[in-house]
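Same order as they appear, the protein sequences are chains X and U. Residue numbering for the first sequence follows the working numbering, beginning at 81 and increasing consecutively. Residue numbering for the second sequence follows the working numbering, beginning at 40 and increasing consecutively.
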Amino acid sequence: NAGVTQTPKFQVLKTGQSMTLQCAQDMNHEYMSWYRQDPGMGLRLIHYSVGAGITDQGEVPNGYNVSRSTTEDFPLRLLSAAPSQTSVYFCASSYWTGGKNEQFFGPGTRLTVL
Amino acid sequence: DQQVKQNSPSLSVQEGRISILNCDYTNSMFDYFLWYKKYPAEGPTFLISISSIKDKNEDGRFTVFLNKSAKHLSLHIVPSQPGDSAVYFCAATSGGSNYKLTFGKGTLLTVNP
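As structure tokens, then:
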């Protein structure tokens, strides 16, 4: 299993550009989430999904869109990049049965917006 | 308004000794708590968790204690090893939803040989 994969690893954008951060998991997890981490801060939830076709907003959703057309993929779209979106982005997938908690994070995408 | 607080940005301990990392929370709805370890340039790795129906959970060298009345939890690492040097994040959620976590700012643990 590859676990959770994220592409690209690094990206530099100009203000106003759009792009999609890719996230894929091969563990058949129903739950997936996107977080951002800024210097000196913990991770903050952007959007999450509890299954294919179902998404919802987290703590900091403005400027981002998501979709979940398959169980495996959960892309994060930046509509019009702003310097405030410079951050490290982590995708996570998880599975929880009540008795067993399993969650994995991807390696992250470091985004710089100029 | 920070709902999960890790008030110590850093902690330094000697190899073989105990490391104690602390975490406080303010949201009474939180009923499930997790600890993550993060190395530079990697994603967080799940370490250990505890449900609010328990006050202690142990996994090898790692033990998490929960004091609900004080809204406080702590992670004990015994004995500490140099490979434990990393940033440790405390996270909390409600309803067992491990996909919707609220994180603290993290504590950098350095274990000196």
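Note that beta-carbon positions come from the ideal geometry of N, C-alpha and C, so glycine has one too.
Between the options, which has its C-alpha nearest residue i's C-alpha?
| i | options | result |
| --- | --- | --- |
| U/G143 | X/S147, X/R116, X/R157 | X/R116 |
| X/E139 | U/N46, U/L140, U/S124, U/S90 | U/L140 |
| X/R190 | U/G145, U/A80, U/I89 | U/A80 |
| X/T87 | X/T192, X/Y169, X/A162 | X/Y169 |
| X/Q102 | X/Y175, X/L156, X/G186, X/A161 | X/L156 |
| X/G133 | X/R124, X/G143, X/E152, X/I126 | X/E152 |
| X/K94 | X/L158, X/D118, X/V130 | X/L158 |
| U/L148 | U/I116, U/S136, U/T84 | U/I116 |
| X/T85 | X/S174, X/A162, X/G188, X/V92 | X/G188 |
| U/E87 | U/P152, U/N137, U/V43 | Per the sequence shown, residue 87 of chain U should be read as Ile rather than Glu. It is U/N137. |
| X/E110 | X/M99, X/T135, X/Y144, X/F90 | X/T135 |
| X/P119 | X/G186, X/S167, X/S173, X/F185 | X/S167 |
| X/A82 | X/T192, X/S173, X/V193, X/L194 | X/S173 |
| U/K95 | U/A130, U/N61, U/S113, U/S58 | U/S113 |
| U/R100 | U/T132, U/P118, U/D63 | U/P118 |
| U/Y64 | U/S58, U/V150, U/S91, U/P152 | U/S91 |
Mind listing the chain X neighbours of residue i? Cutoff is C-beta to C-beta under 8 Å, in chain order.
| i | result |
| --- | --- |
| U/N137 | Y111, S174, W176, N181, Q183 |
| U/K144 | G120, M121, G122 |
Output, in chain order, the set of chain U residues within a Cβ distance shorter than 9 Å of residue i.
| i | result |
| --- | --- |
| X/P88 | Residues of chain U passing the Cβ test: none, with the nearest at roughly 14 Å. |
Could you tell me which residues DSSP puts in a beta bridge with residue i?
| i | result |
| --- | --- |
| U/L140 | U/L140 is not bridged to any residue. |
| X/T131 | First, the residue type needs correcting, since residue 131 of chain X is Gly and not Thr in the sequence shown. According to DSSP, which records beta bridges pairwise, X/G131 is partnered with X/I134. |
| U/K76 | U/T84, U/Y127 |
| X/E182 | X/Y175 |
| X/L159 | Answer is none; X/L159 lacks a bridge partner. |
| U/P98 | It is worth fixing the name first, because residue 98 of chain U is Asp in this sequence and not Pro. For U/D98, which the question treats as bridged, DSSP gives the partners U/F101. |
| U/S58 | U/I116 |
Does residue i have its Cβ less than 8 Å from a Cβ in chain B?
| i | result |
| --- | --- |
| X/P155 | Absent from the structure: chain B. Protein chains present are X and U. |
Note down, in chain order, every chain U residue with its Cβ under 7 Å from the Cβ of residue i.
| i | result |
| --- | --- |
| X/G186 | G82 |
Along chain X, which residues have their Cβ under 9 Å away from the Cβ of residue i?
| i | result |
| --- | --- |
| U/F128 | G122, L123 |
Closer than 7 Å by beta-carbon distance: list the chain X residues that pair up with residue i, in chain order.
| i | result |
| --- | --- |
| U/F140 | Note on identity: in this sequence residue 140 of chain U is Leu, with Phe being the wrong assignment. Residues of chain X passing the Cβ test: L125. |
| U/F85 | Q183 |
What are the residues in the region 111-144 of chain X lying within 9 Å of chain U by C-beta distance?
Y111, M112, S113, Y115, Q117, G120, M121, G122, L123, R124, L125, Y128, S129, V130, D136, G138, E139
Quick test of the definition: if touching needs 3 or more C-beta pairs under 8 Å, does the region 108-126 of chain U touch the region 68-78 of chain U?
yes
For the structure I just gave you, are there three or more beta carbon pairs, one from the region 181-188 of chain X and one from the region 51-64 of chain U, closer than 8 Å?
no
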